[in-house]
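*Asks:*
There are 2 protein chains.
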Amino acid sequence: MRGSAELAQKILRGDRLSLARGITLVESTPGSAPGLLKALRPPRRAFIVGVTGPPGTGKSTLVDRLISQYRKKNLRVGVIAVDPSSPITGGALLGDRIRMAGHGKDTGVFIRSMASRGWTGGLSRATSSAVQILDAAGFDLVLLETVGIGQSDVEVVGITHAVIVVLMPGLGDDVQVSKAGLMEVGDIYVVNKADLEGANQMVTILLGALRGRPQSPSVLRLSALPGKDIAGLVDAIEEIRARFSKAPKELNLRSLRGMIVETARGNLAESLQRVSESKADEMASQVLLGRLTVEEAALRIFGN
Amino acid sequence: MRGSAELAQKILRGDRLSLARGITLVESTPGSAPGLLKALRPPRRAFIVGVTGPPGTGKSTLVDRLISQYRKKNLRVGVIAVDPSSPITGGALLGDRIRMAGHGKDTGVFIRSMASRGWTGGLSRATSSAVQILDAAGFDLVLLETVGIGQSDVEVVGITHAVIVVLMPGLGDDVQVSKAGLMEVGDIYVVNKADLEGANQMVTILLGALRGRPQSPSVLRLSALPGKDIAGLVDAIEEIRARFSKAPKELNLRSLRGMIVETARGNLAESLQRVSESKADEMASQVLLGRLTVEEAALRIFGN
Chain A
851 MRGSAELAQK ILRGDRLSLA RGITLVESTP GSAPGLLKAL RPPRRAFIVG
901 VTGPPGTGKS TLVDRLISQY RKKNLRVGVI AVDPSSPITG GALLGDRIRM
951 AGHGKDTGVF IRSMASRGWT GGLSRATSSA VQILDAAGFD LVLLETVGIG
1001 QSDVEVVGIT HAVIVVLMPG LGDDVQVSKA GLMEVGDIYV VNKADLEGAN
1051 QMVTILLGAL RGRPQSPSVL RLSALPGKDI AGLVDAIEEI RARFSKAPKE
1101 LNLRSLRGMI VETARGNLAE SLQRVSESKA DEMASQVLLG RLTVEEAALR
1151 IFGN
Chain B
851 MRGSAELAQK ILRGDRLSLA RGITLVESTP GSAPGLLKAL RPPRRAFIVG
901 VTGPPGTGKS TLVDRLISQY RKKNLRVGVI AVDPSSPITG GALLGDRIRM
951 AGHGKDTGVF IRSMASRGWT GGLSRATSSA VQILDAAGFD LVLLETVGIG
1001 QSDVEVVGIT HAVIVVLMPG LGDDVQVSKA GLMEVGDIYV VNKADLEGAN
1051 QMVTILLGAL RGRPQSPSVL RLSALPGKDI AGLVDAIEEI RARFSKAPKE
1101 LNLRSLRGMI VETARGNLAE SLQRVSESKA DEMASQVLLG RLTVEEAALR
1151 IFGN
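Set out below in structure tokens:
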């Protein structure tokens, strides 16, 4: 706890090494994080934007462009990139990170990748903590990038103030888009790579899929490549950020609800992971002997 | 409970309508299922095979072929197809189901789709129960088909005795394959659509990715299209089924461990869903006022 307080002080003073250490702490040892986060008392001042969408839609490039745009506005930008752990494609993802590292010498930018290994409950909780640490460290804008191919990625962006869903032409009949629940969570939808064939069609499909939503989210066509105009996207973000600046309570409550639920989900996932192999084996044997049903065993599995 | 006993009797007698009703029951009202499953006392005789892999790899066609092959061996075959809920691609998935419905007049085949809506914890539990019901109803082989694009799909196939992972050429640099944890769960890997270019390359990538596994799983190239030879796959399945017939305990313990853990996961997910909106709002307000940290709120969220 004393170590936490000291680390917190350094993070609040803007020490980058301590910031990195703090995030490593919440990523690796959830048990030791509460002390740190309590000591930090994040001001809830940072504007938190989630960027999600299927693989290959250009999220990292878009995030890279947003960093540049917001640095021009003199905002300090923190980025948490939630990476799928990927033995096969590690190279490509590493490439993304290297590309973003173009901001490496800029102390107004902090970029951190967090890996999604196995059960994602822990990741949601760690992400929520990491965002709070960036807030406490004085970052004005926090971008949270996730690969939206699973329910868990969508849940993670629930901890933000605004969600950008990045799509591209040709995704209209892609099961991922609908399965992942992306149509429910976005405040802004971007059809990226809009020079590709089928961009108009994608916009039409998108507008159709969003029709049921109570408030119509923004739908934008753009190309996030360097040199291309993304002013429309920045305007759409700024509109929500203005609302946040004027009356932060509403959006902060939304984000906090998300953080609390994700942290609770992480706690539950952890309690499941703590079930010992021997306990699971014992329960399975009891079921096989006909002494318990699967359902009864599932209720007893948390006992000692 | 009395209704459960009656329904159980009818299912045990092989009444198809009651079988369908039982599955609907475990799918929709988890609370009423324990009585039914207790009354059923499944014999743990069915051989349970999971079929998973990314969308578009031809899993449904493969399952269709396996049904035909095993009907020739005079085995009764039950199929649970876990469908992503999909407003956009509903048509395509429905097409899959219609294709499989070619077996509709065969009373030795029972096919049921279960939808994955939102949080998947409930689905895992329902799937586990549905498999037990098919076992109790006397099916010799239960095929469990899931779209392996998320961690949850992989967890679901953990309730089986054998897992077939279906891939296709060109998936070598697909993030889904690795993220979803498919490289850890398969007993048999099928590179389907093997006439397509890149089949050899996919096999090479696959063998590389599987190298770390303690026991080498089978890797097969084939085309599951009607009329093409899938004898190699049937042989690989039969090898595991022979092991199951000879000494069912080991594989039944594996499957039961999976069922117990998935059922526990479903229970946990449900307790999270039961958290009222007002409770979450209240907790978020407390955090905003600085009275609680997110972590403290997450621990209190289950109180009244």
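One line per chain: the protein sequences are A and B, in this order. Quick note on our numbering: the first sequence kicks off at 851 and runs consecutively. Quick note on our numbering: the second sequence kicks off at 851 and runs consecutively. Quick reminder that beta carbons are idealized off the backbone N, C-alpha and C, glycines included. Bear in mind the structure is a predicted one, so any value in this text is a computation, not a measurement.
(1) Between T1143 of chain B and chain A, is any beta-carbon pair separated by less than 7 angstroms?
(2) Assuming T1010 of chain A and I898 of chain A are in contact, meaning their beta carbons sit under 8 angstroms apart, how far apart are those beta carbons, in whole angstroms?
(3) Drop a sphere of 10 angstroms on the beta-carbon of A1165 of chain B, count the other beta-carbons inside from all chains shown, and report buried for 16 or more, exposed for fewer.
(4) The beta strand (DSSP E) with A1097 of chain B in it runs from where to where?
(5) If you draw a straight line from the C-alpha of I1087 of chain A to the C-alpha of S1095 of chain A, how long is it?
(6) If you drop the 5 nearest sequence neighbours on each side, which residues of the same chain put their C-beta closer than 7 angstroms to that of S824 of chain A?
(7) Taking the runs of the alpha helix (DSSP H) that are 4 residues or longer, which of them lie wholly in the stretch 977 to 1043 of chain B?
(8) Closest to R1063 of chain A by C-alpha separation, out of A:T996, A:D1037 and A:Q1051, would be which residue?
(9) L1106 of chain A and V1137 of chain B look like a contact to me (Cβ under 8 angstroms); what is the Cβ gap, rounded to whole Å?
(10) Do L1118 of chain B and L1118 of chain A come within 7 angstroms of each other at the CB atom, strictly closer than that value?
(11) Out of curiosity, what's the CA-to-CA distance linking A1134 of chain A and A1074 of chain A?
(12) Cα-Cα, which of B:L1070, B:S1128, B:E1034 and B:R866 is closest to R1061 of chain B?
(13) Distance, Cα to Cα, L916 of chain A vs I1014 of chain A?
(14) Just to make sure I have the definition right: I need the residues of chain C whose C-beta is within less than 8 angstroms of the C-beta of L887 of chain B. Which are they?
(15) Mind checking the stretch 1121 to 1138 of chain A against chain B and listing, in chain order, the residues whose C-beta falls within less than 8 angstroms of any C-beta there?
(16) Among A:S1121, A:V1041, A:L1032 and A:G958, which one has its Cα closest to the Cα of L1017 of chain A?
(17) I need the boundaries of the beta strand (DSSP E) containing N900 of chain A, first residue and last residue.
(18) At what residues does the beta strand (DSSP E) containing L1070 of chain A begin and finish?
(19) Mind listing, in chain order, the continuous alpha helix (DSSP H) runs of no fewer than 4 residues lying wholly within the stretch 908 to 938 of chain A?
(20) Shorter than 6 angstroms, the distance from the beta carbon of R921 of chain A to the closest heavy atom of the ligand MG, or not?
(21) Taking 7 angstroms as the limit between beta carbons, can you name the residues of its chain near T907 of chain A, skipping five residues before and five after?
(22) Taking only beta-carbon positions, decide if M1052 of chain B is within less than 7 angstroms of chain A.
(23) If we cut at 7 angstroms on Cβ distances, does T1010 of chain B have a partner in chain A?
(24) One question on the structure: do D981 of chain B and V997 of chain B come within less than 7 angstroms of each other, judged by their Cβ atoms?
(25) Going by the beta-carbon positions, is the gap between A896 of chain A and D956 of chain A smaller than 7 angstroms?
(26) Return the residue from the list A:M1109, A:Q1065, A:A858 and A:F1152 that minimises the CA-CA distance to S1128 of chain A.
(27) P937 of chain B: buried (16+ other C-beta within 10 angstroms of its C-beta) or exposed?
(28) Measure the alpha-carbon distance for L1142 of chain B versus L887 of chain A and round it to whole angstroms.
(29) Can you check DSSP and say which residues form a bridge with V1084 of chain B?
(30) Using the three-state DSSP reduction, which class does A965 of chain B fall into: helix, strand or coil?
(31) Would you mind reading off the limits of the alpha helix (DSSP H) that contains D956 of chain A?
(32) Which residue wins for smallest C-alpha separation from D914 of chain A, given the options A:A931, A:P905 and A:G903?
(33) Might you give, ordered along the chain, the residues of its own chain that have their beta carbon closer than 6 angstroms to the beta carbon of G1020 of chain B, omitting 5 neighbours on each side?
(34) Are the Cβ atoms of G872 of chain A and I861 of chain A separated by less than 7 angstroms?
(35) Just to confirm my understanding: we take S878 of chain A, look at its own chain, exclude 5 residues before and 5 after, and list those with CB closer than 7 angstroms. What are they?
(36) Between the stretch 858 to 870 of chain A and chain B, which residues of the former have CB atoms less than 7 angstroms from a CB of the latter, in chain order?
*Replies:* Answer, in terms of the structure:
(1) Reading the second sequence from its first residue, position 293 is the one you call residue 1143 of chain B. So yes, T1143 of chain B belongs to the interface.
(2) The count along the first sequence starts at 1 and reaches residue 1010 of chain A at position 160. The count along the first sequence starts at 1 and reaches residue 898 of chain A at position 48. The Cβ separation is near 4 angstroms, so the contact holds.
(3) This structure does not reach residue 1165 of chain B, given that chain B is present from 851 up to 1154, and the question cannot be answered.
(4) Walking along the second sequence from the start, residue 1097 of chain B turns up at place 247. A1097 of chain B -> no beta strand (DSSP E), and no H or E assigned at all.
(5) The residue given as residue 1087 of chain A occupies position 237 in the first sequence. The residue given as residue 1095 of chain A occupies position 245 in the first sequence. So the two alpha carbons sit approximately 12 angstroms from each other.
(6) Examination of residue 824 of chain A is not possible in this model, given that chain A is present from 851 through 1154 alone.
(7) Runs of the alpha helix (DSSP H) lying entirely within the stretch 977 to 1043 of chain B, each at least 4 residues long, are 1001 to 1006, 1025 to 1029 and 1032 to 1035 in chain order.
(8) Here residue 1063 of chain A corresponds to residue number 213 of the first sequence, with the count starting at 1. The shortest C-alpha separation from R1063 of chain A is found at A:D1037.
(9) What you label residue 1106 of chain A is simply residue 256 of the first sequence in a count that begins at 1. What you label residue 1137 of chain B is simply residue 287 of the second sequence in a count that begins at 1. Confirmed, Cβ separation roughly 5 angstroms.
(10) The sequence position of residue 1118 of chain A within the first sequence is 268, counting from 1. The sequence position of residue 1118 of chain B within the second sequence is 268, counting from 1. Going by C-beta atoms, L1118 of chain A is nearer than 7 angstroms to L1118 of chain B.
(11) Position 284 of the first sequence holds residue 1134 of chain A. Position 224 of the first sequence holds residue 1074 of chain A. In a straight line, the C-alpha of A1134 of chain A is about 52 angstroms away from that of A1074 of chain A.
(12) What you label residue 1061 of chain B is simply residue 211 of the second sequence in a count that begins at 1. With distances taken between Cα atoms, R1061 of chain B lies closest to B:E1034.
(13) For the purposes of this step, residue 916 of chain A is identified with residue 66 of the first sequence, where counting begins at 1. For the purposes of this step, residue 1014 of chain A is identified with residue 164 of the first sequence, where counting begins at 1. Cα to Cα, L916 of chain A sits roughly 12 angstroms from I1014 of chain A.
(14) This model lacks chain C altogether, as its protein chains are A and B.
(15) S1121, L1122, V1125, A1130, D1131, M1133, A1134, S1135, V1137 and L1138
(16) By 1-based counting over the first sequence, the position of residue 1017 of chain A is 167. The candidate whose alpha carbon is nearest that of L1017 of chain A is A:V1041.
(17) To locate residue 900 of chain A, count along the first sequence from 1; it is residue 50. The residue you asked about is not Asn; residue 900 of chain A is Gly in the sequence shown. Start and end: F897 to T902.
(18) Here residue 1070 of chain A corresponds to residue number 220 of the first sequence, with the count starting at 1. Here the beta strand (DSSP E) through L1070 of chain A covers S1068 to R1071.
(19) 909 to 922
(20) Summarising the ligand content, the structure contains no ligands, and the ligand MG is consequently not present.
(21) Position 57 of the first sequence, counted from the first residue, corresponds to residue 907 of chain A. Cβ neighbours of T907 of chain A beyond the five flanking positions: V1016, L1017, M1018 and N1042.
(22) Counting from one through the second sequence, the residue named residue 1052 of chain B turns up at place 202. No, its Cβ sits nowhere closer than 7 angstroms to a Cβ of chain A.
(23) In the second sequence, counting from the first residue as 1, residue 1010 of chain B sits at position 160. Taking Cβ atoms only, chain A never reaches closer than 7 angstroms to T1010 of chain B, which makes this a no.
(24) Counting from one through the second sequence, the residue named residue 981 of chain B turns up at place 131. Counting from one through the second sequence, the residue named residue 997 of chain B turns up at place 147. The residue you asked about is not Asp; residue 981 of chain B is Val in the sequence shown. Contact: no.
(25) Mapped onto the first sequence, residue 896 of chain A falls at position 46. Mapped onto the first sequence, residue 956 of chain A falls at position 106. No; because the gap between Cβ atoms is not below 7 angstroms, this pair is not in contact.
(26) Residue numbering aside, residue 1128 of chain A sits at position 278 when the first sequence is read from its first letter. For S1128 of chain A, the nearest C-alpha among the options comes from A:F1152.
(27) For the purposes of this step, residue 937 of chain B is taken as residue 87 along the second sequence, with counting starting at 1. Confidence at P937 of chain B is low in this model, with a pLDDT of 36, below 50, so its placement is unreliable and the value that follows should be read with caution. So P937 of chain B counts as exposed.
(28) Reading the second sequence from its first residue, position 292 is the one you call residue 1142 of chain B. Reading the first sequence from its first residue, position 37 is the one you call residue 887 of chain A. A direct Cα-Cα distance of roughly 11 angstroms separates L1142 of chain B from L887 of chain A.
(29) As a working note, residue 1084 of chain B is residue 234 in the second sequence. None, per the DSSP bridge assignment.
(30) Locating residue 965 of chain B in the second sequence gives position 115, where the first residue counts as 1. Strand at A965 of chain B.
(31) On the first sequence, position 106 is the one that residue 956 of chain A refers to. Looking at the DSSP string, D956 of chain A is not in any alpha helix (DSSP H), and its letter there is neither H nor E.
(32) Counting from one through the first sequence, the residue named residue 914 of chain A turns up at place 64. Comparing Cα-Cα distances from D914 of chain A to each of A:A931, A:P905 and A:G903, the minimum goes to A:A931.
(33) Start at 1 with the first residue of the second sequence, and residue 1020 of chain B comes out as number 170. Excluding residues within five positions, the ones whose Cβ falls inside 6 angstroms are G1048.
(34) For the purposes of this step, residue 872 of chain A is identified with residue 22 of the first sequence, where counting begins at 1. For the purposes of this step, residue 861 of chain A is identified with residue 11 of the first sequence, where counting begins at 1. Against a cut-off of 7 angstroms, the Cβ pair of I861 of chain A and G872 of chain A comes out as a contact.
(35) The residue labelled residue 878 of chain A in the question sits at position 28 within the first sequence. Excluding sequence positions up to five before and after S878 of chain A, its CB lies less than 7 angstroms from no other CB in the same chain.
(36) none
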